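Structure first, then comments.
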Amino acid sequence: MTQDTKTQDRVVIFDTTLRDGEQSPGATMTHAEKLEIAGLLDEMGVDIIEAGFPIASEGDFNAVSEIAKNAQNSVICGLARAQLGDIDRCWEAVKHADKPRIHTFIGTSPLHRAIPNLTKDEMAERIEQTVTHARNLCDNVQWSPMDATRTEMDYLYRVVEIAIKAGATTINIPDTVGYTAPRESADLIRKLIENVPGADEVIFATHCHNDLGMATANSLAAVEAGARQIECTINGLGERAGNTALEEVVMALKVRNDIMPFQTGIDSTKIMNISRRVAAVSGFPVQFNKAIVGKNAFAHESGIHQDGMLKNAETFEIMRPEDVGLSETNLVMGKHSGRAALRDKLEQLGFEVGDNQLKDVFVRFKALADRKKEIFDDDLIALMRTSEDEDSTRLRIVSLAVQCGTEGPQQAELTMEIDGAVHSTTQTGDGPVDATFNAVKALFPHDARLQLYQVHAVTEGTDAQATVSVRMEEDGRIVTGQSADTDTVVASAKAYVHALNRLLVRREKGGTDKAEISYKDVS
Ligand code: KIV
Ligand code: ZN
-3 MTQDTKTQDR VVIFDTTLRD GEQSPGATMT HAEKLEIAGL LDEMGVDIIE AGFPIASEGD
57 FNAVSEIAKN AQNSVICGLA RAQLGDIDRC WEAVKHADKP RIHTFIGTSP LHRAIPNLTK
117 DEMAERIEQT VTHARNLCDN VQWSPMDATR TEMDYLYRVV EIAIKAGATT INIPDTVGYT
177 APRESADLIR KLIENVPGAD EVIFATHCHN DLGMATANSL AAVEAGARQI ECTINGLGER
237 AGNTALEEVV MALKVRNDIM PFQTGIDSTK IMNISRRVAA VSGFPVQFNK AIVGKNAFAH
297 ESGIHQDGML KNAETFEIMR PEDVGLSETN LVMGKHSGRA ALRDKLEQLG FEVGDNQLKD
357 VFVRFKALAD RKKEIFDDDL IALMRTSEDE DSTRLRIVSL AVQCGTEGPQ QAELTMEIDG
417 AVHSTTQTGD GPVDATFNAV KALFPHDARL QLYQVHAVTE GTDAQATVSV RMEEDGRIVT
477 GQSADTDTVV ASAKAYVHAL NRLLVRREKG GTDKAEISYK DVS
C-alpha cells in the first residue's frame, strides 16, 4: 500500500550545477548565466543551491554574492576548503542570503591525506578547528570528508563525530571518484547513522559521481538507508562522467513512490526548461537517449510502440511528457500563423514576452518561416534563446558570402559594421567556418582564444536550424555567444560576433571568471 504523500519523509535536493558542474573542464558559465541558472533552480524548488567556490576567483565570489542577494526561497551555499581564509571568504559571499550555508570539506582517505601531508590526528584537529570556525560564522554548516567511500571506516566514524561535535548540521558523504556501488552506498550511510554519536542530530547527504554509471542508483540507495539530502546537478553535469542527475533522482522518487516513499520539493514540470538552458550555457549537450531529458526519452518510433501508444499511453510510458515540462504537441506553426498564436505558444513554452520583444521575435519568426516549412517548439526555443543582447551590438554582420568546393581552401567574403563604420574583407580558411572566423578576425583583430565551437541541429530534416555556441577567453574573462540559423555558417558567424560583442562589454566592466584556485589545491 502506498503511504500518504503528506506523511512521507522529505528528501532535500542540493543542486551543485554551479559548483561541481561548472568545475567540469570547458563548462565555465558567465556571471549572467550563473545568475539565470540560479534563478531557475530557485523557481523549480531546489532546497539548496551550491552557488560556487568563493575563494576560487573574484568571478566566483561575485557570482555567489549576487546569487545570495537574489535568492527567493533556496538556501545559498558556498564551498570552502578546510582553511580559515577560505571559510571567511565563503561567508563574505553567502552571508547576503536569507538562508546561507557554508560547506567545508577535506579529503580524508589515505590518498587524499597524503596531499597536505597530515597525519590522522593533525587532520582531525584541522576538522575541529575549521568546522568550529564556520559554525561561529553561520548556523548552517555542511561538512564533507572528500573521498569518503575510500576512507577507512574507523577513521570516518571518528572525523564525522568530530565534525558533528564542532557544529556541522549536515554531513555529506562524497563518492568523489564514482567508485561505490548501491549496496555499499546504503551500508555506509546506515553504519554512520548507527555508530556515530550525535548522528541523529544531523542530516546525512549523499554526493555521488557517475564514473561507473551508478550515481543515481547509489544516491537512491543512500536515501533508503537514511540519507535525507541528495547532491546533484542538472543533466548530471560535472567532471569526468559527471554527478548524480537531478532529473533522474527526482523523477525516480516520483514515479516509484510506491517503493521509495519520499517527497522532494521540486516542481518537475520545470525540468525540461532548465535542462535545455544548462545544456546551452555550459556547452555540454544532452545525449539523445539520456534518461528524462534526452531528445528521445519520450519518443516512440517503432510501429508497434506507436500503435500501443495511440490506444493507451501507459503501454510504453511510465511518466507523461507533461510531468517533466514537455508540451503535448511539438508541431507549432507555419508562415501564416499570427502574432497572437505566437505569443500563446511562447507562453506555453514558458516565455513571458512583452509587446516590444514579441514584435522582434515575430519578425524573426516570419523570416524563419519563409525558409522552413514547419516550425517546431525547439525552433522557437532556439529563436528565443539566441536573441542578441541589446546593450552589446558594437559589431554587426552586414553580409556574408562563402565559396565552398571539394578543393580547398574555402573563401569567405564578409562585410561588418564596427562601431557604425562598414568594413569588408575576403579571407580563406580550412573549411567555410574557418574562413568566416578568419574574416571576422581580420576585420576585428583580437587575442581572445576560442575555447569551444559547437553545432547542433535543432530539429530533424536538412532544412533544420543549426544552433551554434562559441566560447572565448581573454585575460581570464570568459564569454559565450550563441546563434541559430538554417545556414550553419551564418549561425557560426553570428555566434562568434555575439561572443565578441559580449567580450567588449566585459572588457569595460573588468574582472575575471577564471578560477585561480581549484578545490583540489588542498595544501
Ligand atoms: O566530489 C567531491 O568530493 C566534492 C566535494 C568537494 C564535496 O565535490
Ligand atoms: Zn563532487
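Counted the way my numbering counts, the sequence shown spans residues -3 to 519.
For each residue, glycine too, the CB sits at the ideal point set by N, CA and C.
In this text, all values refer to a predicted model and were calculated from it rather than measured experimentally.
| Item | Value |
| --- | --- |
| Here's the rule: buried if 16 or more other CB atoms are within 10 angstroms of the residue's CB, otherwise exposed. What is residue 252? | exposed |
| Would you decide whether residue 338 is buried or exposed? Buried here means 16 or more other CB atoms lie within 10 Å of its CB. | buried |
| As a quick exercise: from 271, 171, 488, pick the residue whose alpha carbon is nearest that of residue 393. | 488 |
| Among 67, 99, 70, whose alpha-carbon lies nearest the alpha-carbon of residue 82? | 99 |
| What residue range is occupied by the uninterrupted beta strand (DSSP E) comprising residue 237? | Careful: residue 237 lies outside any beta strand (DSSP E) and carries neither H nor E. |
| Using C-beta distances below 6 Å, list every residue in its chain close to residue 335, excluding the 5 sequence neighbours before and after it, in chain order. | 358 |
| From the DSSP output, read off the bridge partner residues of residue 228. | 11 |
| Hey, residue 239 and residue 206: beta-carbon distance below 8 Å or not? | yes |
| Please report the distance separating the alpha-carbon of residue 439 from that of residue 415. | 12 Å |
| Leaving out five residues before and five after residue 185 in sequence, what residues of the same chain have Cβ atoms less than 6 Å from its Cβ? | 200, 218, 221, 222, 223 |
| Assuming residue 44 and residue 70 make a contact with CB atoms under 8 Å, what is their CB distance in whole Å? | 6 Å |
| Under 7 Å from any heavy atom of the ligand KIV, does the C-beta of residue 101 make it? | yes |
| Distance check for residue 313 and residue 498, CA to CA, integer angstroms please. | 43 Å |
| Just tell me which of 145, 96, 92 has its CA closest to the CA of residue 106. | 145 |
| Got a sec: does the ligand KIV put a non-hydrogen atom nearer than 7 Å to the Cβ of residue 181? | no |
| What would DSSP say about residue 470, mapped onto helix, strand or coil? | strand |
| Would residue 13 pass as a contact of residue 274 if the rule is Cβ separation under 8 Å? | yes |
| Would you identify the three-state DSSP class for residue 298, choosing helix, strand or coil? | Residue confidence is low: residue 298 scores 49 on pLDDT, short of 50, so the model does not pin down where it sits. Its coordinate-derived value is still stated next. Residue 298 falls in the coil class under three-state DSSP. |
| Secondary structure at residue 348, three-state DSSP: helix, strand or coil? | coil |
| Could you say which of 84, 267, 111 lies nearest to residue 316 if we only look at CA atoms? | 267 |
| For the ligand KIV, I want to know if residue 452 counts as a neighbour, meaning its beta carbon is within less than 7 Å of at least one of the ligand's heavy atoms. | no |
| According to DSSP, residue 73 sits in a beta bridge with which residue or residues? | 46, 97 |
| Can you give the Cα-Cα distance for residue 271 and residue 264, rounded to whole angstroms? | 11 Å |
| Three Cβ pairs or more, each shorter than 8 Å: is that satisfied between the stretch 415 to 434 and the stretch -2 to 7? | no |
| Could you tell me the alpha carbon to alpha carbon distance between residue 502 and residue 444, rounded to whole angstroms? | 12 Å |
| Determine the contact status of residue 127 and residue 156, defining contact as a CB-CB distance below 8 Å. | no |
| Could you name the residues of the same chain whose beta carbon sits closer than 6 Å to that of residue 500, not counting the 5 residues immediately before and after it, in chain order? | 390 |
| In the DSSP output, what is residue 476 paired with across the bridge? | 467 |
| Assuming residue 51 contacts residue 85 under a Cβ cut-off of 8 Å, what Cβ separation, rounded to an integer in Å, is found between them? | 5 Å |
| Determine, using beta carbons only, whether residue 22 and residue 448 come nearer to each other than 8 Å. | yes |
| Considering only heavy atoms of the ligand ZN, does any lie closer than 7 Å to the CB of residue 170? | yes |
| Mind checking whether residue 10 and residue 225 have CB atoms under 8 Å apart? | yes |
| Which whole-angstrom value describes the C-beta separation of residue 20 and residue 233, a residue pair presumed to lie in contact below a C-beta threshold of 8 Å? | 6 Å |
| Out of curiosity, what's the CA-to-CA distance linking residue 298 and residue 455? | Because the pLDDT of residue 298 is 49, which lies under 50, any placement of that residue in the model is unreliable, and the number read from its coordinates should be weighed accordingly. One C-alpha to the other measures close to 19 Å. |
| Specify, as a first and last residue, the run of the beta strand (DSSP E) that residue 140 falls within. | 137 to 142 |
| To test your reading of the DSSP string, which unbroken beta strand (DSSP E) runs of 3 or more residues are found completely within the stretch 105 to 172? | 137 to 142, 166 to 171 |
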